[in-house]
Every structure is written in C-alpha cells, then in structure tokens.
Amino acid sequence: MHPEKPKHDFEPKIIAFVCTWCTYAGADLAGTSRMQYPPNVRVLKFPCTGRIDPVFILKAFQQGADGVLVSGCHPGDCHYIAGNFHARRRFAAFRKLLEFVGVDLNRLQFSWVSAAEGGKWVEVVTELTEKVRSMGPMVEFKELALEEQWSGAIDTPELKEAYEQI
Numbered sequence: 109m110h111p112e113k114p115k116h117d118f119e120p121k122i123i124a125f126v127c128t129w130c131t132y133a134g135a136d137l138a139g140t141s142r143m144q145y146p147p148n149v150r151v152l153k154f155p156c157t158g159r160i161d162p163v164f165i166l167k168a169f170q171q172g173a174d175g176v177l178v179s180g181c182h183p184g185d186c187h188y189i190a191g192n193f194h195a196r197r198r199f200a201a202f203r204k205l206l207e208f209v210g211v212d213l214n215r216l217q218f219s220w221v222s223a224a225e226g227g228k229w230v231e232v233v234t235e236l237t238e239k240v241r242s243m244g245p246m247v248e249f250k251e252l253a254l255e256e257q258w259s260g261a262i263d264t265p266e267l268k269e270a271y272e273q274i
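Every position in the sequence shown, counted from 1, becomes a number in this note's numbering once 108 is added.
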C-alpha cells in the first residue's frame, strides 16, 4: 500500500463529462477569456449528457479519478430536445448504486452550464476541486475494484456459497 500524501499537498484528479453544445463551449469561453481555474480537470466531451453511460463514471473512479463532474445544457435548452432530462433521471437512479459500491456522493457533481457561462464553469470546477481536495485521495473504490476483479471462474467458494443460499 502506498502512503497517502497529506491533504494540503494533494492535487485531485477530476474527470468532467460534458456536452459539446453548452458546457464544453462554456469551458472554452472561460479559456479564451483567460479566466483562471484549476488545471487538474480533464474534460471528456460528448454530443449530449444523455449519451453519457453511468458506467463511465464508475470506470473513471476505478481508473483513479478523485472526483467526477457531469455537466450539460440547462433543462429545456438541450440541442437534442430531451437528452439532459434523460441524463438527469438516469443519474438520479444511479446515485444509489454509486453509494452502494462505496463512492462518497460528495465526489460527484452534476451541473448545468450554458455556452455563455464561462464564469459559472470556473466556479463549478473550482468548488468541486476544493471539495475533493479537502476529502483527500479516493482510495476506497480503487481498492474495492482490485479486490472484486472477477477472474471469470464460476466455481469459487464464494459463488458456490451464494448459489447454495438461493
């Protein structure tokens, strides 16, 4: 096990899943306007938040993200009519699964940022980075993922015991 860095030296890894039309354009506006925000956010752009599979969030945490941001068009402004409504419903249900697998929901944020809201992008990213920094590195989920890696074997003692209880 690697020793943890002290929280004050910790730079969190934040993954941002954003829609092309609004949030990505808002982040671009922040950049072209030379607004300052934490450089530790990696942006992954999707046509719409409705196209973001919740498994991507789990995978981001499993691969080392300390925090995840999902951001898209404001409700009613989706370029694909209802994609952000679908995303909102999907992620509301998905939160229970994240909680079950050990993800502290404070490490996950959903927001709506329009193309004209470069300043809001800066606020959202800065607030999430500071919140995650104060929580320290996320090690629980990564450790769980390593312990739970499925080998493909179906004759393990744990599975046999589980099947006997059915």
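Cβ coordinates follow ideal geometry from the N, Cα and C atoms, glycine included.
Contacting residues, own chain, Cβ-Cβ under 7 Å from residue i (five flanking each side not counted)
| i | result |
| --- | --- |
| residue 157 | 127, 178, 180, 191, 192, 195 |
| residue 146 | 233, 234, 237 |
| residue 198 | 162 |
| residue 239 | 214 |
| residue 328 | The question about residue 328 has no answer, for the chain in this structure spans 109 to 274. |
| residue 119 | 148 |
CB contact flag (residue i, residue j, <7 Å)
| i | j | result |
| --- | --- | --- |
| residue 122 | residue 148 | yes |
| residue 276 | residue 176 | In this structure the chain extends from 109 to 274, so residue 276 is not present and cannot be described. |
| residue 220 | residue 135 | no |
| residue 245 | residue 174 | yes |
| residue 222 | residue 130 | yes |
Bridge-paired residues (DSSP) for residue i
| i | result |
| --- | --- |
| residue 180 | 220 |
| residue 127 | 154 |
| residue 175 | 122 |
| residue 149 | 122 |
Proximal residues to residue i (C-beta, below 8 Å), its chain only, five neighbours per side dropped
| i | result |
| --- | --- |
| residue 117 | none |
| residue 132 | 126, 151, 153 |
| residue 188 | 155, 156, 158 |
| residue 109 | Reliability fails at residue 109, whose pLDDT of 47 lies under 50, so the model's placement of it is uncertain and no value is given. |
| residue 183 | 192, 193, 196, 220 |
| residue 167 | none |
Beta-carbon proximity list for residue i, same chain, < 6 Å, skipping 5 on both sides
| i | result |
| --- | --- |
| residue 202 | 162 |
| residue 137 | 226 |
| residue 272 | none |
| residue 186 | 192 |
(request) Could you say if the segment 183–199 and the segment 137–145 meet the contact criterion of at least three C-beta pairs nearer than 8 Å? (result) no
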